[in-house]
Each structure stands twice: as structure tokens, then as C-alpha cells.
Amino acid sequence: MFAKKTMSVVIGLAFGAEFLITVWAQVRPGDGPRYVNGSSLARPTDYREWVYVGGGLGLTYEQSRNPQATPRFGNVFVNPSAYRSFMQTGVWPNGTVLVLESRFAGTDEFVSNNGKFQGALRALEAEVKDSRFPDGWAFYNFGTADALRDVAEPLAGEEVQRCITCHTEHTAVERTFVQFYPTLLEAARQKGTVKPGF
Ligand code: HEC
């Protein structure tokens with residue numbers, strides 16, 4: 003009698019635990035890409051709570067076309083699980099999402115003549131590593147701040163070729179500009195995953 007009761011309590015607890023784990027998994031999905039219709043990317047709304055890997059001023063490729071333009075800030079964020087994985091291995095795991103946020107630069111004459119601060123959002127782009135894509139990576143453009151898309155299709159044809167070419171020829175690790183992200187660069191150097199020449 004006693005043994006039977008204990009048994010049912012144990013079974014009950016096991017089912018309870020399984021139920022809790024199932025609920026927990028639904029409430030806390032991974033921090034990877036959220037796809038719509040298979041390959042379109044839902045714009046990550048919480049990327050500012052991700053890991054900030056680095057930022058540049060005037061690094062954006064558009065400057066080369068117009069050297070007179072006021073430089074813009076670029077801020078790069080990555081989903082936390084991918085960041086942790088990169089720090090341990092020096093390579094990006096499947097399900098990596100990198101967001102490039104472009105912001106206008108502001109100046110304040112009372113603080114400093116040459117100092118610049120980050121102003122309003124200008125545009126948002128993203129890049130996802132996923133072996134389902136032919137290149138292993140997909141590139142997305144969410145557009146400019148005045149008309150941000152909630153969902154972006156993966157760029158295709160000539161448009162994506164531009165991204166891939168520059169992100170292959172000038173990047174230190176895989177398709178990413180790790181040379182501009184100090185903690186990532188250090189980890190990649192330790193793991194020996196930096197491309198020759200960087
Ligand atoms: C001519 C070179 C060039 C082209 C073309 C280019 N990028 Fe980049 N990209 C850069 C540089 C340089 C950075 C470093 C960060 C910055 O701009 O401040 C970068 C960074 C990024 C990042 C942050 C993660 C990383 O790879 O380091 C994303 C996301 C990104 N670009 C998306 C795109 C998309 C989408 C396209 C195509 C529409 C594109 N890029 C085309 C040069 C390029």
C-alpha cells in the first residue's frame with residue numbers, strides 16, 4: 003500500500019515536471035531568428051537587449067560613395083546565445099542573428115567642437131547564419147527608420163550579391179566584420195578562426 007502510494011507520487015511528480023518543462027519551453031523560446039513563411043525574418047524588437055559587440059563611426063560603406071556626407075554611427079548587436087557560443091568556439095553557430103543599426107550623428111557645440119553623439123535611428127539591417135540558406139547566410143534590409151518593415155524577405159539576386167561580396171572579401175571571420183568588434187576579435191584570435199591577413 004505504502005509502496006503503491008509512493009509510486010503514484012513519483013509518477014505524478016515526473017508528469018508535473020515534464021508539463022512544467024513543456025510550458026517553460028513555450029514561454030521562453032530561443033533567441034534565434036523568428037521566421038515568417040519559412041525564410042522571411044521578423045524584425046527583432048528586443049535587439050537592444052542583446053549583446054552589443056561594437057560600433058563604428060563612418061565605417062558604413064555608403065560613405066565611400068559620398069565622402070562629404072556626415073558620418074553615421076553603426077551599432078552591431080547579436081543574440082546572446084550566439085555571442086556565448088562564439089566566445090567559446092570562435093565561429094558563429096546556426097541561428098546567429100546580427101543586427102546593424104545605423105544612427106545619425108549629432109553635435110553639440112557647447113560640449114566639444116568635434117565631439118559627436120548618436121542621434122536618431124536611420125536604418126536597420128540584419129544577417130542570419132542558417133545552413134538552410136544556399137550560402138549558409140541570409141541578408142535582410144528592414145529599411146529606413148521612417149518606414150521600418152516588420153518582416154523582411156531575404157535579399158536576393160544582385161542586391162544580396164553586393165552584401166555577400168563585401169562581407170566575404172573584407173571580413174575577418176566568416177561573413178562578419180569581427181575586426182571591428184574587440185571582444186569577438188580576441189576570442190577568434192585565440193581560437194585561430196581569423197582569416198589570413200587580419
Ligand atoms: C562595401 C562593403 C559592404 C557591403 C556591400 C555591405 N556591407 Fe554590411 N557591413 C560592412 C561594414 C564595413 C560593416 C561593419 C560595421 C559598420 O558598418 O559600422 C558591416 C556590417 C554589417 C552587419 C553587422 C554584422 C557584420 O557582418 O559585421 C550587418 C548585419 C550588415 N553589414 C548587413 C549588410 C547587408 C544586409 C548588406 C547588403 C544589403 C550589406 N551589409 C552590404 C560593409 C558592407
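With the numbering used here applied, the sequence shown closes on residue 200, and no number is skipped along the way.
All C-beta atoms in this analysis are idealised placements derived from N, C-alpha and C, irrespective of residue type, glycine included.
Every value quoted in this text rests on a predicted model; they were computed, and no experiment measured them.
Cβ-based neighbour list, residue i, same chain, cut-off 7 Å, excluding 5 preceding and 5 following
i: D137; result: I166
i: Q65; result: With a pLDDT of 48 at Q65, under the threshold of 50, the modelled position of that residue is not reliable, and the figure given next carries that caveat. Cβ neighbours of Q65 beyond the five flanking positions: A71 and P73.
i: M2; result: Here the chain has residues from 3 to 200 only, and residue 2 is not among them.
i: D48; result: none
i: A122; result: R105, F106 and A147
i: L157; result: F141, Y142, N143 and C165
i: P35; result: L43, G97, V99, V130 and D132
i: T170; result: R177
Same chain, Cβ closer than 6 Å to residue i, neighbours up to 5 away in sequence not counted
i: R30; result: Note that R30 scores 48 on pLDDT, short of 50, meaning its location in the model is unreliable and no value can be drawn from it.
i: V55; result: V78, V80, Y183 and L186
i: A190; result: G92, V175, V180 and V196
i: E51; result: none
i: F2; result: Coverage of the chain is limited to positions 3 through 200, which leaves residue 2 absent and any answer about it impossible.
i: Q192; result: none
Beta-bridge pairing of residue i - partner residues as DSSP gives them
i: T98; result: K131
i: Y37; result: L43
i: E155; result: BP columns for E155 are empty, so no partner.
i: L59; result: F75
i: F141; result: E129
i: A107; result: Q120
i: T170; result: Answer is none; T170 lacks a bridge partner.
i: V53; result: V80
i: V175; result: T178
i: T146; result: A125
Given residue i as reference, the closest of the options once Cα atoms are compared
i: R147; options: E103, V93 and F200; result: The question names Arg, but residue 147 in the sequence shown is Ala. Measuring from the Cα of A147, the nearest candidate turns out to be E103.
i: N96; options: E129, T195 and T170; result: E129
i: P46; options: E127, T173, G159 and E161; result: E127
i: G2; options: G108, G159 and Y37; result: Residue 2 lies beyond the residue range present for the chain, which begins at 3 and ends at 200; the question has no answer from this structure.
i: G32; options: A154, D110, C168 and P82; result: P82
i: A44; options: D132, E155, G117 and A149; result: E155
i: V38; options: R151, Y85, G58 and Q120; result: R151
i: K131; options: T98, G145 and V113; result: T98
i: S42; options: T178, F135 and G58; result: F135
i: V53; options: E160, V113 and Y85; result: Y85
Distance cut-off 7 Å: residue i Cβ against heavy atoms of the ligand HEC
i: R191; result: no
i: V1; result: Outside the displayed range of the chain (3 to 200) lies residue 1, so it cannot be described from this structure.
i: E129; result: yes
i: F119; result: no
i: R45; result: no
i: N143; result: yes
i: L150; result: no
i: G199; result: no
i: L100; result: yes
i: T178; result: yes
i: F182; result: yes
i: L123; result: no
i: L187; result: no
i: G194; result: no
Beta-carbon contacts of residue i that lie in its chain and below 8 Å, excluding the five residues immediately before and after
i: G194; result: G92
i: H172; result: F179
Residue i CB to nearest heavy atom of the ligand ATP below 7 Å
i: E161; result: Questions concerning the ligand ATP fall outside what the structure shown contains, since the ligands it does hold are the ligand HEC.
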